[in-house]
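J.: Counting along the sequence shown from 1, when you hit position 402 you're at 402 in UniProt numbering, and nothing is skipped either side.
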Amino acid sequence: MTYKDLGALTDPLEAVKSLFAEMTTMKEELSATKSDVARLNRNNTKLVVENRNLKAELAQTKEELSRLKKEAPVEKDSTNSSIPPTKQSIAKQIIQHTSSLRKPSGKNPDGQPGHAGHSLDKNTSPDKTIEHKAKTCPFCGHAIPEDAEQVCVKTIQEIEITGPMQPCSVTEHKYYSAVCTHCHKAARAESVTGDCKKVMYGPVLQTMVVYLSVVQSVPYNRIAEIMRDIFMVPTFSEGTVKNILSKNKHKATPVYDSILSYIEKFKAAGMDETGAYINQRLCWFWCLQCPKLCYVFADESRGLKALERHGILKHLEDIILYTDLHGTYFKLKVRGHQVCLVHLLRNLQYLCDLNKEQHWASDIQELLRQAIHESNTKPREQIDIGSLKKQLHKLLEQDVSSYERKGCKDFQALQNGLINCEQYIFTFLEQEGVPHHNNSSEGAIRILKVKSKVSGGFRTEVGADEYACFHSIVETAKRNGVSKFKALFQLISDMAPKDDFIGRLLSEND
Ligand SMILES: [Zn+2]
Numbered sequence: 001m002t003y004k005d006l007g008a009l010t011d012p013l014e015a016v017k018s019l020f021a022e023m024t025t026m027k028e029e030l031s032a033t034k035s036d037v038a039r040l041n042r043n044n045t046k047l048v049v050e051n052r053n054l055k056a057e058l059a060q061t062k063e064e065l066s067r068l069k070k071e072a073p074v075e076k077d078s079t080n081s082s083i084p085p086t087k088q089s090i091a092k093q094i095i096q097h098t099s100s101l102r103k104p105s106g107k108n109p110d111g112q113p114g115h116a117g118h119s120l121d122k123n124t125s126p127d128k129t130i131e132h133k134a135k136t137c138p139f140c141g142h143a144i145p146e147d148a149e150q151v152c153v154k155t156i157q158e159i160e161i162t163g164p165m166q167p168c169s170v171t172e173h174k175y176y177s178a179v180c181t182h183c184h185k186a187a188r189a190e191s192v193t194g195d196c197k198k199v200m201y202g203p204v205l206q207t208m209v210v211y212l213s214v215v216q217s218v219p220y221n222r223i224a225e226i227m228r229d230i231f232m233v234p235t236f237s238e239g240t241v242k243n244i245l246s247k248n249k250h251k252a253t254p255v256y257d258s259i260l261s262y263i264e265k266f267k268a269a270g271m272d273e274t275g276a277y278i279n280q281r282l283c284w285f286w287c288l289q290c291p292k293l294c295y296v297f298a299d300e301s302r303g304l305k306a307l308e309r310h311g312i313l314k315h316l317e318d319i320i321l322y323t324d325l326h327g328t329y330f331k332l333k334v335r336g337h338q339v340c341l342v343h344l345l346r347n348l349q350y351l352c353d354l355n356k357e358q359h360w361a362s363d364i365q366e367l368l369r370q371a372i373h374e375s376n377t378k379p380r381e382q383i384d385i386g387s388l389k390k391q392l393h394k395l396l397e398q399d400v401s402s403y404e405r406k407g408c409k410d411f412q413a414l415q416n417g418l419i420n421c422e423q424y425i426f427t428f429l430e431q432e433g434v435p436h437h438n439n440s441s442e443g444a445i446r447i448l449k450v451k452s453k454v455s456g457g458f459r460t461e462v463g464a465d466e467y468a469c470f471h472s473i474v475e476t477a478k479r480n481g482v483s484k485f486k487a488l489f490q491l492i493s494d495m496a497p498k499d500d501f502i503g504r505l506l507s508e509n510d
């Protein structure tokens, strides 16, 4: 019954009855709602309490966790337990190898103020004396007469190793000076010992130090021990090893630099790069090489920047470069490319192992092997390169999606890679002196892995550069049939080796 219905009211009693009935229903509804609200309120209170308790519990847990973190048990490794270093991760090994347990003292690593220093003392009874008389005047070029009065102005002693468990020999060089009869200036004898104070080490000893460090990867402290214990060199320290390496690196630099211009003339060269730690940072040793020459350098970058910094780019312009698929090589301005087929064959083998039902990968393998076989057995002009290229192109056009494992794109990825380098796969069949693989570049820098295992890498950039310089020279020597020791000896005993040093190595076996 609504307000409008009041106008049509005829029987008030009926109306009151109906109103009562409605009121009763509403009362019942109200009471049900009230009890609902009360129930919900009770529930809510319960939840509020529960929430408060949980919050308190969480805060307590957080506090506990942060306390535990602070007191967290230190991870065990070889520095604080009997776990052998070889059981640790390579990264950890390298960090430990190249960091010292000693806390830095804050002092300069050289001699401290007030320290007397101990440069080598002269031997009072040298085994041999060589007199260097003034022969020509360096100012006017006139000869010094034989009967001119010569005065000794400088003596230098040279310590040289003579063999295992043999005392070192001491040679005294006496330098004389005479007054030139023509221009009346003091003419001094030419130096054969270079720039040194009073005692120096002989070329065999210096060669031994460089050889042990660069060729045999022996750490500095062990080289010093070998010199003292085996060759009986008195007071030989790690510092002396460093000095000998740095002095000779300086001397070898013109020879090292000249290798690039010799490589340039060969028209085809391989490149590769490998990671090594320098001062605990992962850096890259790059190698540019051809059968008779090898140039290695270190840089923090694995990209174009490294090649720019080392002045490599201008030497590559007329070269066909054989490499793996590393992207940097394909950004270079070169005459042409050959990708390493050994790498490709390996990558294809992976696909063969993944899916044994398909023949796509093995068909490409077969084609590459055929090309290699033909280049080994047939003269260049008898090889049908066009047909090989056509077969390859047909295979690369195939749809490989049905060979994929669920959710993987291995086939697609390699196919794309092959399509990108399609024109660089058969260069070796067309160009003289281009191999189908990059094995020799990899071989030239494999030694870096040994070096990393022995000593964990390099402590300084200077050390890495020294290594790259000497390694390039000895590797070049080896490729020309000259022993690494002999090449280093020739380099070190030469007063001022020049860029024709490499030219002589190249003609050694002509
Ligand atoms: Zn003169």
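From the three backbone atoms N, C-alpha and C, an ideal C-beta is built for every residue, glycine too.
#1: So, with DSSP's three-state summary, where would you put Met200?
#2: How about Ala187: is its Cβ closer than 8 Å to a heavy atom in ligand 1?
#3: Measure the C-alpha to C-alpha separation of Asn439 and Lys449 and round it to an integer number of angstroms.
#4: Put Cys180 into one of helix, strand or coil per three-state DSSP.
#5: Between Asn376, Glu308 and Arg346, which lies nearest to Thr328 when the distance is taken from Cα to Cα?
#6: If you follow the beta strand (DSSP E) that Arg281 is in, where does it begin and where does it stop?
#7: Report the rounded CA-to-CA distance for Pro379 versus Gln431, giving the unit in angstroms.
#8: Pick helix, strand or coil for Met165, following the three-state DSSP scheme.
#9: Could you have a look at Cys352 and say whether DSSP puts it in helix, strand or coil?
#10: Which class does Gly417 belong to by DSSP, given the choice of helix, strand or coil?
#11: State the DSSP-derived secondary structure class of Glu172, mapped to helix, strand or coil.
#12: Just to confirm the assignment, what range does the alpha helix (DSSP H) spanning Cys137 have?
#13: Going by the DSSP bridge assignment, what does Cys469 pair with across the sheet?
#14: Count the other C-beta atoms from every protein chain shown that fall within 10 angstroms of the C-beta of Asn376, then say buried if there are 16 or more, exposed otherwise.
#15: Measure from the alpha carbon of Asn347 to the alpha carbon of each residue in Arg39, Ala32, Ile364 and Asn41, then state which is nearest.
#16: Within its chain, find whatever has a CB closer than 6 Å to the CB of Ser191; leave out the 5 residues flanking it on each side and keep chain order.
#17: Could you name the residues of the same chain whose beta carbon sits closer than 6 Å to that of Glu158, not counting the 5 residues immediately before and after it, in chain order?
#18: Would you tell me roughly how many angstroms separate the C-alpha atoms of Cys140 and Glu149, rounded to the nearest one?
#19: Which runs of the alpha helix (DSSP H) at least 4 residues long sit entirely within the stretch 359 to 384? Give them in chain order.
#20: Flag this pair as yes or no: are the beta carbons of Glu404 and Ala444 separated by less than 9 Å?
#21: Taking only the alpha-carbon atoms, compute the straight-line gap between Thr323 and His437 and give it to the nearest angstrom.
#22: Say yes only if the C-beta of His315 is nearer than 8 Å to one or more non-hydrogen atoms of ligand 1, and no if none qualify.
#23: Taking a contact to mean a Cβ-Cβ separation below 9 Å, would you say Lys451 touches Ser217 in this structure?
#24: Should the stretch 408 to 420 be called in touch with the stretch 239 to 258, which here means at least 3 C-beta pairs below 8 Å?
#25: Residues in the same chain with beta-carbon distance under 7 Å from Cys340, minus the five sequence neighbours each way, listed in chain order, please.
#26: Are there any heavy atoms of ligand 1 lying less than 8 Å away from the beta-carbon of Cys180, as far as the coordinates show?
#27: Between His359 and the rest of its own chain, which residues show a CB-CB distance below 8 Å, the 5 nearest in sequence each way excluded?
#28: How about the stretch 460 to 476 and the stretch 390 to 401: do they share at least three Cβ pairs that are nearer than 8 Å?
#29: Check whether the stretch 238 to 247 touches the stretch 418 to 426, taking contact to mean three or more Cβ pairs, one atom from each stretch, closer than 8 Å.
#30: Return no unless some Cβ of chain B is closer than 9 Å to the Cβ of Gly407.
#31: For Arg42, which of helix, strand or coil comes out of DSSP?
#32: Can you list, in chain order, the residues of its chain whose CB lies under 6 Å from that of Phe266, leaving out five sequence neighbours each side?
#33: Could you round the C-beta distance between Lys174 and Cys152 to whole angstroms and report it? I think they count as a contact, below 8 Å.
#34: Using the three-state DSSP reduction, which class does Tyr277 fall into: helix, strand or coil?
#35: What do you get for Ala496, buried or exposed, if any count of 16 or more other CB atoms within 10 angstroms of its CB means buried?
#36: Measuring CA to CA, which of His310, Lys122, Val434 and Gly275 is closest to Lys453?
T.: From the atom records:
#1: Taking the first residue of the sequence shown as 1, we reach residue 200 at position 200. The answer is strand: DSSP assigns Met200 an E or B state.
#2: Walking along the sequence shown from the start, residue 187 turns up at place 187. Yes; taking the cut-off as 8 Å, the Cβ of Ala187 has a heavy atom of ligand 1 nearer than that.
#3: Residue 439 sits at position 439 when you count from the first residue of the sequence shown. Residue 449 sits at position 449 when you count from the first residue of the sequence shown. Rounded to whole angstroms, Asn439 to Lys449 spans 15 Å at the Cα level.
#4: In the sequence shown, the residue the question calls residue 180 occupies position 180. The answer is coil: DSSP assigns Cys180 none of H, G, I, E or B.
#5: As a first step, residue 328 must be located in the sequence shown, where it is residue number 328. Ranking Asn376, Glu308 and Arg346 by Cα distance to Thr328 puts Glu308 first.
#6: Taking the sequence shown and counting its residues from 1, the one referred to as residue 281 is at position 281. It spans Arg281 to Cys290 - the beta strand (DSSP E) in which Arg281 sits, taken as one unbroken run.
#7: As a first step, residue 379 must be located in the sequence shown, where it is residue number 379. As a first step, residue 431 must be located in the sequence shown, where it is residue number 431. Between Pro379 and Gln431, the C-alpha separation is close to 12 Å.
#8: Translated into the one-based positions of the sequence shown, residue 165 becomes position 165. Residue state, collapsed to three classes: coil.
#9: For the purposes of this step, residue 352 is identified with residue 352 of the sequence shown, where counting begins at 1. Cys352: helix per DSSP, three-state reduction.
#10: Counting from 1 along the sequence shown, the entry for residue 417 is found at position 417. In this structure, Gly417 counts as helix in the three-state DSSP scheme.
#11: Position 172 of the sequence shown holds residue 172. It is a strand residue.
#12: In the sequence shown, residue 137 corresponds to position 137, counting from 1. Premise fails: Cys137 is in no alpha helix (DSSP H) and is neither H nor E.
#13: For the purposes of this step, residue 469 is taken as the residue at position 469 of the sequence shown. Answer is none; Cys469 lacks a bridge partner.
#14: As a position in the sequence shown, residue 376 is number 376, starting the count at 1. It is exposed - the Cβ of Asn376 has fewer than 16 other Cβ atoms within 10 Å.
#15: Residue mapping note: residue 347 aligns to position 347 of the sequence shown, counting from 1. Comparing Cα positions, the closest option is Ile364.
#16: Against the sequence shown, residue 191 aligns to sequence position 191. Once the five neighbours on either side are set aside, Ser191 has no close Cβ partner at all.
#17: For the purposes of this step, residue 158 is taken as the residue at position 158 of the sequence shown. Hits under 6 Å: Thr171, Met200 and Gly202.
#18: As a working mapping, residue 140 is identified with position 140 in the sequence shown. As a working mapping, residue 149 is identified with position 149 in the sequence shown. Whole-angstrom Cα-Cα distance: 18 Å.
#19: 360 to 377
#20: As a first step, residue 404 must be located in the sequence shown, where it is residue number 404. As a first step, residue 444 must be located in the sequence shown, where it is residue number 444. Contact flag unset, no.
#21: The count along the sequence shown starts at 1 and reaches residue 323 at position 323. The count along the sequence shown starts at 1 and reaches residue 437 at position 437. Distance between the alpha carbons of Thr323 and His437: 8 Å.
#22: Here residue 315 corresponds to residue number 315 of the sequence shown, with the count starting at 1. No; taking the cut-off as 8 Å, the Cβ of His315 has no heavy atom of ligand 1 nearer than that.
#23: Within the sequence shown, the letter at position 451 stands for residue 451. Within the sequence shown, the letter at position 217 stands for residue 217. For the pair Lys451 and Ser217, the CB atoms are nearer than the 9 Å cut-off.
#24: no
#25: Against the sequence shown, residue 340 aligns to sequence position 340. Within the same chain, Cys340 has close Cβ partners Tyr322, Thr323, Asp324, His437 and Asn438.
#26: To locate residue 180, count along the sequence shown from 1; it is residue 180. It does: the Cβ of Cys180 is within 8 Å (strictly closer) of some heavy atom of ligand 1.
#27: Indexing the sequence shown from 1 puts residue 359 at position 359. There are no such residues.
#28: no
#29: no
#30: Of the protein chains in the structure, only one exists, and it is not chain B.
#31: Counting from one through the sequence shown, the residue named residue 42 turns up at place 42. In the structure shown, Arg42 sits in a helix (DSSP, three-state: H, G or I).
#32: For the purposes of this step, residue 266 is taken as residue 266 along the sequence shown, with counting starting at 1. Excluding sequence neighbours, Phe266 sits near Cys290.
#33: Position 174 of the sequence shown, counted from the start, is the residue given in the question as residue 174. Position 152 of the sequence shown, counted from the start, is the residue given in the question as residue 152. At roughly 5 Å, the Cβ-Cβ gap stays under 8 Å, so Lys174 and Cys152 are in contact.
#34: Within the sequence shown, numbered from 1, the residue matching residue 277 stands at position 277. In this structure, Tyr277 counts as strand in the three-state DSSP scheme.
#35: For the purposes of this step, residue 496 is taken as residue 496 along the sequence shown, with counting starting at 1. The residue is exposed, with fewer than 16 neighbouring Cβ atoms inside 10 Å.
#36: As a first step, residue 453 is located in the sequence shown; it is residue number 453 there, counting from the start. It is Gly275.
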